[in-house]
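Peer 1: Sequential numbering of the sequence shown, starting at 1, is according to UniProt numbering.
Glycine is no exception: its CB is placed at the ideal position from the N, C-alpha and C atoms.
The structure presented is a predicted model; accordingly, all values stated were derived computationally and were not measured.
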Amino acid sequence: MLTRWLYSTSHKDIGLLYLGFALFSGLIGTSLSMFIRLELGVAGRGLLDGNFQLYNVIITGHGLIMLLFMVMPALFGGFGNWLVPILIGAPDVAFPRLNNISFWLNPPALVLLLLSTLVEQGAGLGWTAYPPLSVQHSGASVDLAIFALHINGLSSILGSINLLVTVAGMRAAGMKLNQLPLFVWAIVFTAVLVILAFPVLSAALVMLLTDRNINTAYFSDSGDLVLYQHLFWFFGHPEVYILILPAFGIISHVVSFFSQKPVFGVLGMICAMGAISILGFIVWAHHMFTVGLDLDTVAYFTCATMIIAVPTGMKIFSWLATIYAGRTWFTTPMWFAVGFLSLFTIGGVTGVVLANAGVDMLVHDTYYVVAHFHYVLSMGAVFGIFAGLYFWFGLMTGLSYYEGRGQVHFWTLFIGVNLTFFPMHMLGLAGMPRRMFDYADAFIGWNSLASYGAMVSFLSLLLLAGPVSLVPQGKDAQAPQTATTLEWLLPATPANHTFSQLPVLRTTVR
Numbered sequence: 001m002l003t004r005w006l007y008s009t010s011h012k013d014i015g016l017l018y019l020g021f022a023l024f025s026g027l028i029g030t031s032l033s034m035f036i037r038l039e040l041g042v043a044g045r046g047l048l049d050g051n052f053q054l055y056n057v058i059i060t061g062h063g064l065i066m067l068l069f070m071v072m073p074a075l076f077g078g079f080g081n082w083l084v085p086i087l088i089g090a091p092d093v094a095f096p097r098l099n100n101i102s103f104w105l106n107p108p109a110l111v112l113l114l115l116s117t118l119v120e121q122g123a124g125l126g127w128t129a130y131p132p133l134s135v136q137h138s139g140a141s142v143d144l145a146i147f148a149l150h151i152n153g154l155s156s157i158l159g160s161i162n163l164l165v166t167v168a169g170m171r172a173a174g175m176k177l178n179q180l181p182l183f184v185w186a187i188v189f190t191a192v193l194v195i196l197a198f199p200v201l202s203a204a205l206v207m208l209l210t211d212r213n214i215n216t217a218y219f220s221d222s223g224d225l226v227l228y229q230h231l232f233w234f235f236g237h238p239e240v241y242i243l244i245l246p247a248f249g250i251i252s253h254v255v256s257f258f259s260q261k262p263v264f265g266v267l268g269m270i271c272a273m274g275a276i277s278i279l280g281f282i283v284w285a286h287h288m289f290t291v292g293l294d295l296d297t298v299a300y301f302t303c304a305t306m307i308i309a310v311p312t313g314m315k316i317f318s319w320l321a322t323i324y325a326g327r328t329w330f331t332t333p334m335w336f337a338v339g340f341l342s343l344f345t346i347g348g349v350t351g352v353v354l355a356n357a358g359v360d361m362l363v364h365d366t367y368y369v370v371a372h373f374h375y376v377l378s379m380g381a382v383f384g385i386f387a388g389l390y391f392w393f394g395l396m397t398g399l400s401y402y403e404g405r406g407q408v409h410f411w412t413l414f415i416g417v418n419l420t421f422f423p424m425h426m427l428g429l430a431g432m433p434r435r436m437f438d439y440a441d442a443f444i445g446w447n448s449l450a451s452y453g454a455m456v457s458f459l460s461l462l463l464l465a466g467p468v469s470l471v472p473q474g475k476d477a478q479a480p481q482t483a484t485t486l487e488w489l490l491p492a493t494p495a496n497h498t499f500s501q502l503p504v505l506r507t508t509v510r
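This is how it looks when you write it as structure tokens:
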């Protein structure tokens, strides 16, 4: 049994390994977030007894684990590996053994990252690892974290190459590019972003490593601190689209399935993802409005950032149009999709606010920014993960789930995350800086509410196992006739090589 999972080259096994790894990492990252909220729930010395270095180590670990070891393995590695070959009618991915190693690079990377929190004082850098702090931070902890990010980046690049080649060369006979399901398109754009963005991060991390250990001066001493920020955010901003694009694909499938009609404007949805991917590479310096950019540069990055709202808005309105005229069927996956639409939109609106350089300079590095990216990620990407888990749960496991308990899980999480992150807008506008373990007494009220909300969110995580039924139940009966993708032709828990005879698509002209 152990060797099956260790040596497996089946895309389904590796997809499940990615999902299990993401769940494990998510539990660690969520536990760290609870330490943060318990510390901030009271003014003065809280749970951490004033240990500011430990607080910084916790926020660094929380950010890196949730972004690179939870959301990305779940959406891109898990759902991408499991579904893409099935959706394009392929027997497996193009390079199955490469797929195996691309997963097994992740656990050692996570171990190195966790070790970095335990060695000496830990890596208390923030997830961005800005110099000079990251250069002068003593001990091996930062070096371990850098190696962890290198290995994780290598895993992501290998997985991206694999999925791109699979889609390019292993589509079913007769399947044209415009017939690819939207989730496959989302994975294609994500893979391109990974291949272009991660090498830039790797270059920045190599320079950081040499600055720390062999006295080069890329960033420290006579070097340029802002150069690191440019390199990091040239990776960092596409990274947020790497995290959210697969969720867009999942939401498209869920909304179409439960509205019992095709997604409105499929070609527009594909073009919108392409536009988001291109624009994502030319807006990175909106994270850097306070570093002293000249006025023309600031004006450009403000305008370019606002333009991203156009293709994103196209996607939101296309999903709403799909729901509007359909016979909508509100089950747990659909509730998560609706939650995604409402909360991701709020996160997008606060993003447009932050795109204005004048406003951003006032709320830069305050809790307003924390609220913005958690509405996009904690309620966007994570709701997309849960929508996909509930939607394809029967197909992946052959088991059913209790609908009522699933909806209790949704509503508990929905209430919890809003109680946690909505007050942060108020804290940020009032001037509370992020990454600080103590704050003025005036902020006690909103911080207490946010901490109570975090406890509700944590409770919802415990409820996640509740909906699962160990009673095998095929999902074929619930697939409506309007389901258009290949996975609904298969029995629950399909065979290792999905298609004994490869499907052929024929287009019928009416």
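#1: If we require 4 or more residues per run, which alpha helix (DSSP H) segments fall completely within the region 390 to 457?
#2: Taking just the CA atoms, how far does Gly292 sit from Pro107?
#3: State the beta-bridge partners of Thr366 as determined by DSSP.
#4: Considering only C-alpha positions, which residue in the set Pro494, Val206, Phe189 and Thr412 is nearest to Pro238?
#5: Tell me the rounded alpha-carbon separation between Asp476 and Val254.
#6: Looking at C-alpha atoms only, which residue of Ser252, Ala204, Leu149 and Leu225 is the closest neighbour of Pro132?
#7: Have a look at the DSSP bridge pairing and note the partners of Ala173.
#8: Nearest by alpha-carbon distance to Thr290: which of Leu68, Ser448, Leu354 and Gly139 is it?
#9: Between which two residues does the alpha helix (DSSP H) harbouring Tyr55 extend?
#10: Measure the C-alpha to C-alpha separation of residue 512 and Gly249 and round it to an integer number of angstroms.
#11: What does the alpha-carbon distance come out to for the pair Ser252 and Ala337?
#12: So what's Phe264 in DSSP terms, helix, strand or just coil?
#13: Exposed or buried, which one is Glu39 when buried takes at least 16 other CB atoms within 10 Å?
#14: Does DSSP put Asp224 in a helix, a strand or coil?
#15: So, with DSSP's three-state summary, where would you put Ile88?
#16: Within 10 Å of its beta-carbon, does Tyr324 have 16 or more other beta-carbons around it, so buried, or fewer, so exposed?
#17: According to DSSP, simplified to helix, strand and coil, what is Ile31?
#18: In this structure, how does DSSP classify Ser342 when only helix, strand and coil are distinguished?
#19: Got a sec, what are the start and stop residues for the alpha helix (DSSP H) Val192 sits in?
#20: Tell me whether the beta-carbon of Thr397 lies closer than 8 Å to the beta-carbon of Leu87.
#21: Where in the region 126 to 159 do unbroken runs of the alpha helix (DSSP H), each at least 4 residues long, occur, reported from the N-terminal end onward?
#22: Cβ atoms of Gly159 and Ser141: under 8 Å apart, would you say?
#23: Determine the direct distance from the alpha carbon of Thr322 to that of Phe264, and round the result to whole angstroms.
#24: Shortest alpha-carbon distance to Pro199 belongs to which of Phe234, Leu17 and Ile444?
#25: In whole angstroms, give me the CA-to-CA distance for Leu429 and Phe422.
#26: Using only CA atoms, which one of Leu395, Leu462, Gly29 and Leu413 lies nearest to Ala492?
#27: Are the CB atoms of Leu112 and Ile151 nearer to each other than 8 Å?
#28: Is Asp476 helix, strand or coil by DSSP?
#29: Any contact between the region 7 to 18 and the region 67 to 87? By contact I mean 3 or more CB pairs, one from each, below 8 Å.
#30: Over the uninterrupted alpha helix (DSSP H) stretch that includes Phe301, give me the two end residues.
#31: How about Leu48 and Tyr55: are their beta carbons less than 8 Å apart?
#32: Taking only three categories from DSSP, how would you classify Arg45?
#33: Is it true that the CB of Tyr367 sits closer than 8 Å to the CB of Thr350?
#34: Give the straight-line distance between the Cα atoms of Tyr439 and Ser156, rounded to the nearest whole angstrom.
#35: For Pro311, name the three-state secondary structure that DSSP assigns.
#36: Please confirm if the region 269 to 284 is in contact with the region 400 to 416, defined as three or more CB-CB distances below 8 Å between the two stretches.
Peer 2: Quick answer:
#1: 403 to 430
#2: Between the C-alpha atoms of Pro107 and Gly292 there is a straight-line separation of about 40 Å.
#3: Pro433
#4: Phe189
#5: The predicted position of Asp476 is uncertain, since its pLDDT is 45 and thus under 50; no value can be drawn from it.
#6: If we check each option's Cα against that of Pro132, Leu225 comes out closest.
#7: Val504
#8: Leu354
#9: It spans Phe52 to Leu64 - the alpha helix (DSSP H) in which Tyr55 sits, taken as one unbroken run.
#10: The question about residue 512 has no answer here: the residues shown for the chain are numbered 1 through 510.
#11: Here the alpha carbon of Ser252 sits roughly 9 Å from the alpha carbon of Ala337.
#12: coil
#13: buried
#14: coil
#15: coil
#16: exposed
#17: Inspection of the sequence shows that residue 31 is occupied by Ser rather than by Ile. Correct three-state label for Ser31: helix.
#18: helix
#19: Leu182 to Asn213
#20: no
#21: List check, alpha helix (DSSP H) in window: 133 to 136.
#22: no
#23: 5 Å
#24: Phe234
#25: 12 Å
#26: Leu395
#27: yes
#28: With a pLDDT of 45 at Asp476, under the threshold of 50, the predicted position of this residue should be treated as unreliable, and no value is reported.
#29: The region 7 to 18 vs the region 67 to 87: in contact.
#30: From DSSP, the alpha helix (DSSP H) with Phe301 extends over Leu295 to Ile307.
#31: yes
#32: Arg45 falls in the coil class under three-state DSSP.
#33: no
#34: 38 Å
#35: Taken through DSSP and simplified to helix, strand or coil, Pro311 comes out as helix.
#36: Segment contact: the region 269 to 284 against the region 400 to 416, fewer than three CB-CB distances shorter than 8 Å; contact not assigned.
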